[in-house]
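Report on the structure given below.
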């Protein structure tokens with residue numbers, strides 16, 4: 001680009017990359033701006049993070065049970081082992097962030113372990129997609145500090161969802177933006193997946 005126009009090609013590309021990175025974060029940038037304008041509070045942080053904790057415990061339990069109930073091999077076995085480990089780490093991360101305010105598990109429970117490989121695939125994709133919608137839907141209800149913590153998790157959940165879709169032969173990122181979900185919508189999605197919502 002001509003220097004007289006006031007912007008070099010390199011500067012334009014850096015600006016485009018930053019904008020693209022913000023869009024690819026699944027709505028977190030927009031939600032972060034909303035959080036500054038919302039009436040977020042420490043009390044609300046506790047409610048939101050406890051719901052996220054319950055969800056992460058559900059996911060950790062799902063992968064642990066799947067490794068025993070379904071014959072997983074190759075890349076799917078690696079997926080379940082790696083993602084299951086991530087979900088356990090998310091549980092520890094959120095329990096540490098909440099401290100004594102963390103609620104005891106379980107709040108969300110699978111009514112049954114996956115009974116087949118196709119059942120496992122369906123639940124893995126469904127849970128990971130729901131996780132992204134959950135974090136994006138609650139981002140505006142968090143204070144900036146807690147939002148930063150949640151953002152560390154939602155980006156990994158999005159990678160899990162893409163990984164599962166790719167392994168299943170589906171488009172890893174089927175839409176340009178993710179639709180956030182509020183708590184009632186997340187609970188409805190979980191109920192459809194066979195989760196008992198307490």
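Residue numbers (our numbering): 1 to 198.
Ideal Cβ positions, reconstructed from N, Cα and C, are used throughout, including at glycine.
How is the beta strand (DSSP E) around residue i delimited, first residue to last?
| i | result |
| --- | --- |
| residue 94 | Run containing residue 94: none in the beta strand (DSSP E); it sits in the alpha helix (DSSP H), 74-98. |
| residue 193 | Run containing residue 193: none; DSSP gives neither H nor E here. |
| residue 110 | 108-110 |
Counting only the same chain and skipping the five closest in sequence on each side, list residues whose C-beta sits under 8 Å from that of residue i.
| i | result |
| --- | --- |
| residue 27 | Unreliable positioning characterises residue 27 in this predicted model, as indicated by a pLDDT of 43, which lies under 50. The coordinate reading is nonetheless provided below. Once the five neighbours on either side are set aside, the close Cβ partners of residue 27 are 136, 139, 177, 178, 180. |
| residue 34 | With a pLDDT of 40 at residue 34, under the threshold of 50, the modelled position of this residue cannot be trusted; read the value that follows with caution. Cβ within range, chain order: 139, 140. |
| residue 95 | 53, 102 |
| residue 46 | 98, 101 |
| residue 133 | 178, 179, 180, 181, 185, 186, 189 |
Alpha carbon to alpha carbon, how far is residue j from residue i? Give it in angstroms, no decimals.
| i | j | result |
| --- | --- | --- |
| residue 131 | residue 55 | 7 Å |
| residue 166 | residue 172 | 5 Å |
| residue 185 | residue 99 | 27 Å |
| residue 120 | residue 73 | 12 Å |
| residue 174 | residue 151 | 21 Å |
| residue 191 | residue 170 | 23 Å |
| residue 69 | residue 93 | 27 Å |
| residue 43 | residue 144 | 14 Å |
| residue 62 | residue 77 | 14 Å |
Once the 5 residues before and after residue i are set aside, which same chain residues still bring their CB inside 7 Å of it?
| i | result |
| --- | --- |
| residue 193 | 123, 126, 127 |
| residue 197 | 108, 187, 190, 191 |
| residue 149 | 97 |
| residue 75 | 167 |
| residue 183 | 51 |
Apart from the five residues just before and just after residue i, which ones in its own chain have a Cβ nearer than 6 Å to its Cβ?
| i | result |
| --- | --- |
| residue 153 | 90 |
| residue 129 | 161 |
| residue 115 | none |
| residue 210 | Residue 210 lies beyond the range of the chain shown here (1 to 198); nothing can be said about it. |
Just mark residue i as buried or exposed, buried being the case when its beta carbon has 16 or more other beta carbons within 10 Å.
| i | result |
| --- | --- |
| residue 17 | Legend: pLDDT at residue 17 = 38, less than 50; position of this residue unreliable, value from coordinates given subsequently. By the neighbour-count rule (16 or more Cβ atoms within 10 Å), residue 17 is not buried but exposed. |
| residue 87 | buried |
| residue 41 | exposed |
| residue 118 | exposed |
Anyone know if the C-beta pair for residue i and residue j falls short of 8 Å?
| i | j | result |
| --- | --- | --- |
| residue 113 | residue 66 | yes |
| residue 207 | residue 58 | It is not possible to answer for residue 207, since the shown part of the chain is limited to 1 through 198. |
| residue 79 | residue 163 | yes |
| residue 48 | residue 142 | yes |
| residue 84 | residue 64 | yes |
Can you tell me where the alpha helix (DSSP H) with residue i in it begins and where it stops?
| i | result |
| --- | --- |
| residue 67 | 42-69 |
| residue 128 | 117-138 |
| residue 145 | 144-167 |
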